[in-house]
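Enquirer:
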Amino acid sequence: MRTWHRTVLATGSLTIAALLTGCTAGGTATGPATPDRSIVAEPSSAAPTSTPPASPTTGPGPTTAMPAGSGVSGLITVDGGCPVATDPPCPDRPYPARITITEAGTGKAVGSLVSDQDGRYRIALAPGRYVMHVANPQGRPFPRPASVTVVVPPGRYATENVRLDTGIR
Numbered sequence: 000m001r002t003w004h005r006t007v008l009a010t011g012s013l014t015i016a017a018l019l020t021g022c023t024a025g026g027t028a029t030g031p032a033t034p035d036r037s038i039v040a041e042p043s044s045a046a047p048t049s050t051p052p053a054s055p056t057t058g059p060g061p062t063t064a065m066p067a068g069s070g071v072s073g074l075i076t077v078d079g080g081c082p083v084a085t086d087p088p089c090p091d092r093p094y095p096a097r098i099t100i101t102e103a104g105t106g107k108a109v110g111s112l113v114s115d116q117d118g119r120y121r122i123a124l125a126p127g128r129y130v131m132h133v134a135n136p137q138g139r140p141f142p143r144p145a146s147v148t149v150v151v152p153p154g155r156y157a158t159e160n161v162r163l164d165t166g167i168r
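Taking numbering that gives the first Met the number 0, the leading residue of the sequence shown gets 0, the next gets one more, and so forth.
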């Protein structure tokens, strides 16, 4: 039987909500997202609370509650990493990456999360221009980090898929 818990932590103007599966009553979990745990970040002015889970949406991979409003979502992949060029090329693989979001004009950090094991992520943000910094979650140099600018429109989620480079040719 799966028991759902929703834990909400406030960090400045950013609230991070984690939906956990397979957790017994009173249990806790920490660390990056795993196949049993997805992390969703939402802006909030509310104080930290513990509430029942929102209605989850289902699809391939983990079940997550999708925040309303605006933000960015997408998929992080890494190139196939084949040691030689092949025809057809090695397929890209999903990658659980560390994602840091900064304001494009000021460089001020506004959020940070780790994509799930399937490379998926979703973070609620106010409309505006941001830079997504995508890197290896352990801080290693490979796959090579990437930074992309994303524009979040009012009332919608922008989609930004990022492909990381292993450096293998």
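For every residue, glycine included, the Cβ atom is placed at its ideal position computed from N, Cα and C.
As the structure is a computational prediction, the values presented were derived from the model and not from experiment.
Considering only DSSP beta bridges, list what Y129 is partnered with.
Expert: Paired residue(s): E102, V149.
Enquirer: Helix, strand or coil for D164, going by three-state DSSP, please let me know.
Expert: Strand at D164.
Enquirer: Using the Cβ count rule (16 or more neighbours within 10 Å means buried), how would you classify I167?
Expert: Burial call: exposed.
Enquirer: Exposed or buried, which one is A123 when buried takes at least 16 other CB atoms within 10 Å?
Expert: It is buried - the Cβ of A123 has at least 16 other Cβ atoms within 10 Å.
Enquirer: Can you grab the Cα-Cα spacing for the pair P82 / V151, in whole Å?
Expert: So the two alpha carbons sit approximately 37 Å from each other.
Enquirer: Do you know whose CA, among G73, G70, A96, lies nearest T165's CA?
Expert: Out of G73, G70, A96, A96 has the C-alpha closest to the C-alpha of T165.
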